Amino acid sequence: MNPVNPVNRTAPGPARRLLPRAARFLRRRRRVLVRLGGWSLLESAQTFLVGYGVAQALDRGFLAGSTGTGLAWLAVAAAATVAGGLAVRGVFRGLADLVEPLRDGLLRHVVTRALHGAVAEPARTDSSSVSRLTHQTELARDSFAGLVLVLRSFVFTAAGALAGLASLHPLLLLVVLPPLVLGLLLFTATLVPMAARQRDFLDADEALSTRYGAVAAGLRDVVACGAERRTAGEADALVATEVRAARSLARWAAARTVALGVAGHLPVVLLLLATPWLLDRGLTAGALLGALTYLTQSLLPALRTLMSALGAAGTRLLVILDRLVGADPRREGAPDAAKPAPAPAPAAPAARPAAGSRVELRSVTFAYGPGAQPVLREVDLTVEPGEHLVVVGPSGIGKSTLAALVAGLLTPGRGEVLVDGAPPPAAGRDAGESARRRVLIPQQAYVFTGTLRENLLYLCPDGLPGGPPESDPEERVAASVAAVGLGPLAAELGGLDAVVDPAALSQGERQLIALGRAHLSPAPLVLLDEATCHLDPEAEARAERAFADRPGTLVVIAHRISSAHRADRVLVMDGARATAGSHRELLDRSPLYRDLVGRWHTGRDTRPAARPGRESTPA
894 MNPVNPVNRT
904 APGPARRLLP
914 RAARFLRRRR
924 RVLVRLGGWS
934 LLESAQTFLV
944 GYGVAQALDR
954 GFLAGSTGTG
964 LAWLAVAAAA
974 TVAGGLAVRG
984 VFRGLADLVE
994 PLRDGLLRHV
1004 VTRALHGAVA
1014 EPARTDSSSV
1024 SRLTHQTELA
1034 RDSFAGLVLV
1044 LRSFVFTAAG
1054 ALAGLASLHP
1064 LLLLVVLPPL
1074 VLGLLLFTAT
1084 LVPMAARQRD
1094 FLDADEALST
1104 RYGAVAAGLR
1114 DVVACGAERR
1124 TAGEADALVA
1134 TEVRAARSLA
1144 RWAAARTVAL
1154 GVAGHLPVVL
1164 LLLATPWLLD
1174 RGLTAGALLG
1184 ALTYLTQSLL
1194 PALRTLMSAL
1204 GAAGTRLLVI
1214 LDRLVGADPR
1224 REGAPDAAKP
1234 APAPAPAAPA
1244 ARPAAGSRVE
1254 LRSVTFAYGP
1264 GAQPVLREVD
1274 LTVEPGEHLV
1284 VVGPSGIGKS
1294 TLAALVAGLL
1304 TPGRGEVLVD
1314 GAPPPAAGRD
1324 AGESARRRVL
1334 IPQQAYVFTG
1344 TLRENLLYLC
1354 PDGLPGGPPE
1364 SDPEERVAAS
1374 VAAVGLGPLA
1384 AELGGLDAVV
1394 DPAALSQGER
1404 QLIALGRAHL
1414 SPAPLVLLDE
1424 ATCHLDPEAE
1434 ARAERAFADR
1444 PGTLVVIAHR
1454 ISSAHRADRV
1464 LVMDGARATA
1474 GSHRELLDRS
1484 PLYRDLVGRW
1494 HTGRDTRPAA
1504 RPGRESTPA
């Protein structure tokens, strides 16, 4: 699986797309460019005088027996170096006038595009805009500043060095220029593939960042659904893609070392090899020393800096600018790199839910931390196979903690939790085994980008549950859809094979899909932790009746008192204690239950019903 977008070979390259914008940007800043050029001329003069001064100090001074003249020429070279330092100071002053407007323009463009996209597609969340607004914009600013400095320095340094070589003797250019030009051509040939690899790396980085953000938001649901292994596999594939892109980029970066050797080091070797030939044609020792000074002190450092900057910052800048100000891939029909891979199709049929699981809590005590007060203390509870238990209690009393203990998401501090005589499968061990033995649907339902059918079959790791020989898998899916009241939403989305966009769904609609998924699963134990809280009372009653009619044990963390009326037994959680009984028994035995029933009847259940499948705000 490779989630990175392929490069569109038929579209114009990033350089061609950005060239008109770059030309307009630079034309509006002619004065800044002229000022930078003026300061750079001083740097070129410094390069010329350093090598020329060394050559004259040797030929006219020390070798001619005039120490004063030699020292004077060396003083000229030193003064040129000081003047070059002043020139660099002036360059940095002008650089801010070129770099900061670029950063401001990029920020305006990114914000404008994000706002326009939000207005055009309100349901779509573009989390990659955050990366563009912060990380990528700053990378573009820093890369552009470094590139301007390096290119300017190389052009004027090379001009000064070549002028100095020509002034010493034209034959020096014959030795130096061919390898210099060849190395630069080799380096230029690596820029396009390096830009492509840089783009692949950024695509992979954005896809991985978006995927991790989506998983982090739904981490509890992923664990509750027993989907850790599948989710980790998808994330691992994205990590592997980014690693491959990084290695490919590193290989091309290594190629510039060869180009640097040809352009920077080969001229020095050729100059040394050609020394006897040059001396025979009238070159002086001072001219040779000056030529070596130009090569080792000016051209070679400038080449090394140029290739490092263009090979890394240059290609990165090209790719980032194309992503920030180029065409919006959503408007060009490009595939969405951050879209997670669809869930795999189901395999062979599995067993239908058994009559139900037996759940036992034996003297269970649990606290969130060694020094914390227990949420549950010495709780004993038995839920028989096929029983329908509803758990009620004030908010924050520990109802969700109880569900998490039964699901295996938490481990009791003391006592034991048993499902069919064994501890529940711990989270992260075996996602398939967890999904086969129990299903927990939390309040925030987990829905992923994929077809509605893939979402419904998410908890069927081994395929659809088995049924009578004459039963059809499609009929079983349709039966679960109808049972939980998902039919109208499925029709509105365009059928079971329609692609679901989680951001476009209401919380109630996401809950309906999660309920259909749990109803279709093979698990003999279903835990609904306020899984219907965003449905209206009618839709909630229909969903709970569907699970009550489904073979298996059902534990419901109640959102309305009507859930207690439909249950075989009710568990009232009061502080760290728990009391179980029928609705009528608890009205007589539990003051807290009577109070909850009174408050519920005067609150939530007396309100008019909302549209089925849509949220109704809890009281």
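Per this note's numbering, the very first residue in the sequence shown carries number 894; after that it's consecutive. Positions of the beta carbon are idealized from the N, C-alpha and C atoms, including for glycine. Since we're looking at a predicted model, the values are computed, not measured.
Please classify P1454: does DSSP put it in a helix, a strand, or coil?
Locating residue 1454 in the sequence shown gives position 561, where the first residue counts as 1. The question names Pro, but residue 1454 is Ile in the sequence shown. The answer is coil: DSSP assigns I1454 none of H, G, I, E or B.
Per-residue DSSP class, three states only, for T1275:
On the sequence shown, residue 1275 is found 382 positions in, with the first residue counted as 1. Correct three-state label for T1275: strand.
For the beta strand (DSSP E) containing G1308, list its first residue and its last residue.
Walking along the sequence shown from the start, residue 1308 turns up at place 415. Note, G1308: beta strand (DSSP E), R1307 to V1312.
Taking the continuous alpha helix (DSSP H) assigned at I1406, which residues delimit it?
Along the sequence shown, read from residue 1 onward, the residue named residue 1406 stands at position 513. Taken as a continuous stretch (DSSP letters only), the alpha helix (DSSP H) holding I1406 covers Q1400 to L1413.
9 Å Cβ cutoff met for L1418 and E1437:
For this step, residue 1418 is matched to residue 525 along the sequence shown. For this step, residue 1437 is matched to residue 544 along the sequence shown. Taking 9 Å as the Cβ cut-off, L1418 and E1437 do not qualify as a contacting pair.
In three-state DSSP terms, what is L995?
Translated into positions along the sequence shown, residue 995 becomes position 102. Helix at L995.
Quick check on the DSSP output: the beta strand (DSSP E) that includes T1258 runs from which residue to which?
Looking up residue 1258 in the sequence shown gives position 365. It spans V1252 to F1259 - the beta strand (DSSP E) in which T1258 sits, taken as one unbroken run.
Compare the C-beta of T1275 with all C-beta atoms of chain C and state if any pair is closer than 9 Å.
Considering every chain present, this structure includes no chain C. It has just one protein chain.
Any idea if A1156 is buried or exposed, counting beta-carbon neighbours within 10 angstroms, 16 or more meaning buried?
Taking the first residue of the sequence shown as 1, we reach residue 1156 at position 263. Classification for A1156: buried.
CB of I1290 within 9 Å of CB of V1340, strictly:
Numbered from its first residue, the sequence shown carries residue 1290 at position 397. Numbered from its first residue, the sequence shown carries residue 1340 at position 447. Contact: no.
Rounded to whole angstroms, how far is the Cβ of F1049 from the Cβ of S937, which I believe are closer than 8 Å?
As a working mapping, residue 1049 is identified with position 156 in the sequence shown. As a working mapping, residue 937 is identified with position 44 in the sequence shown. Confirmed, Cβ separation roughly 4 Å.
Sort T940, G1306, G1286 and S1141 by Cα distance to G1264 and report the nearest one.
On the sequence shown, position 371 is the one that residue 1264 refers to. Looking at the Cα atoms, G1306 is the closest of the given residues.
Reducing DSSP to helix, strand and coil, say where V1340 ends up.
The residue given as residue 1340 occupies position 447 in the sequence shown. It is coil, neither helix nor strand.
Continuous alpha helix (DSSP H) stretch holding G946: start and end
On the sequence shown, residue 946 is found 53 positions in, with the first residue counted as 1. G946 -> alpha helix (DSSP H) spans R923 to Q949.
With 16 other Cβ atoms within 10 Å as the buried cut-off, status of A989:
Counting from 1 along the sequence shown, the entry for residue 989 is found at position 96. It counts as exposed.
Provide the residue span of the alpha helix (DSSP H) that contains D1481, from first to last.
To locate residue 1481, count along the sequence shown from 1; it is residue 588. H1476 to R1482 is the extent of the alpha helix (DSSP H) around D1481.
What does the alpha-carbon distance come out to for the pair A1375 and V1136?
By 1-based counting over the sequence shown, the position of residue 1375 is 482. By 1-based counting over the sequence shown, the position of residue 1136 is 243. Going by C-alpha positions, A1375 is about 45 Å away from V1136.
Do the CB positions of H1452 and H1476 come within less than 9 Å of each other?
Start at 1 with the first residue of the sequence shown, and residue 1452 comes out as number 559. Start at 1 with the first residue of the sequence shown, and residue 1476 comes out as number 583. The answer is no: Cβ separation not under 9 Å.
Need the endpoints of the alpha helix (DSSP H) that D1442 sits in, please.
On the sequence shown, residue 1442 is found 549 positions in, with the first residue counted as 1. P1430 to D1442 is the extent of the alpha helix (DSSP H) around D1442.
Given G1126 as reference, the closest of L1061, L1142, L935 and V1108 once Cα atoms are compared:
Counting from 1 along the sequence shown, the entry for residue 1126 is found at position 233. Checked all of L1061, L1142, L935 and V1108; the closest Cα to G1126 is V1108.
Assign P913 to one of two classes, buried (16 or more other C-beta atoms within 10 Å of its C-beta) or exposed (fewer than that).
Taking the first residue of the sequence shown as 1, we reach residue 913 at position 20. Exposed, since its Cβ has fewer than 16 Cβ neighbours within 10 Å.
Count the other CB atoms within 10 Å of the CB of S1288; is the residue buried (16 or more) or exposed (fewer)?
For the purposes of this step, residue 1288 is taken as the residue at position 395 of the sequence shown. Under this definition S1288 is an exposed residue.
Measure how close the beta-carbons of V969 and L1182 come, nearest whole angstrom, since I'm counting them as under 8 Å.
Stepping through the sequence shown from its first residue, residue 969 is reached at position 76. Stepping through the sequence shown from its first residue, residue 1182 is reached at position 289. Not really, about 15 Å apart at Cβ, beyond 8 Å.
Check R1329 in the structure and name its three-state DSSP category.
Translated into positions along the sequence shown, residue 1329 becomes position 436. Helix.
Which one of T1005, L1196, S1046 and L1349 has the shortest CA to CA distance from P1415?
Within the sequence shown, residue 1415 is the residue found at index 522, counting from 1. Comparing Cα-Cα distances from P1415 to each of T1005, L1196, S1046 and L1349, the minimum goes to L1349.
I'd like the list of long-range same chain contacts for S933, defined as Cβ closer than 8 Å, with 5 residues on each side in sequence excluded.
Taking the sequence shown and counting its residues from 1, the one referred to as residue 933 is at position 40. If we look at S933 and ignore the five residues flanking it on each side, its Cβ neighbours are A980, V984, R1045, S1046, V1048 and F1049.
Backbone CA spacing between A1271 and G1308 [nearest angstrom]:
For the purposes of this step, residue 1271 is taken as the residue at position 378 of the sequence shown. For the purposes of this step, residue 1308 is taken as the residue at position 415 of the sequence shown. What sits at residue 1271 in the sequence shown is Glu, not Ala. For E1271 and G1308, the distance between alpha carbons rounds to 8 Å.
Helix or strand or just coil, what does DSSP make of D1394?
Mapped onto the sequence shown, residue 1394 falls at position 501. Coil.
DSSP three-state assignment for T1472, whether helix, strand or coil
Stepping through the sequence shown from its first residue, residue 1472 is reached at position 579. Three-state result, T1472: strand.
If you follow the alpha helix (DSSP H) that V1132 is in, where does it begin and where does it stop?
By one-based count along the sequence shown, residue 1132 stands at place 239. Where V1132 is concerned, the enclosing alpha helix (DSSP H) stretches over E1121 to L1153.
Would you tell me roughly how many angstroms separate the C-alpha atoms of A1243 and D1429, rounded to the nearest one?
Working through the sequence shown from its first residue, we reach residue 1243 at position 350. Working through the sequence shown from its first residue, we reach residue 1429 at position 536. Here the model assigns A1243 a pLDDT of 38, short of 50, so the residue's position is not dependable, and the following value carries that caveat. Answer to the nearest angstrom: the Cα atoms are 33 Å apart.
Can you give the Cα-Cα distance for A915 and Y1105, rounded to whole angstroms?
Your numbering for residue 915 matches position 22 in the sequence shown. Your numbering for residue 1105 matches position 212 in the sequence shown. Taking the straight line from one Cα to the other gives about 35 Å.
Alpha carbon to alpha carbon, how far is V1285 from L1485? Give it in angstroms, no decimals.
As a first step, residue 1485 must be located in the sequence shown, where it is residue number 592. As a first step, residue 1285 must be located in the sequence shown, where it is residue number 392. Going from the Cα of L1485 to the Cα of V1285 covers about 10 Å.
Would a C-beta distance cut-off of 9 Å place V1465 and L1479 closer than the cut-off?
Position 572 of the sequence shown, counting from 1, holds the residue named residue 1465. Position 586 of the sequence shown, counting from 1, holds the residue named residue 1479. The answer is yes: Cβ separation under 9 Å.
Between A1054 and the rest of its own chain, which residues show a CB-CB distance below 6 Å, the 5 nearest in sequence each way excluded?
Counting from one through the sequence shown, the residue named residue 1054 turns up at place 161. Same-chain partners within the cutoff: T940, Y1187, S1191 and L1192.
Taking only heavy atoms of the ligand GTP into account, decide whether any of them is closer than 8 Å to the Cβ of A1109.
No copy of the ligand GTP appears in this structure; indeed no ligand is present at all.
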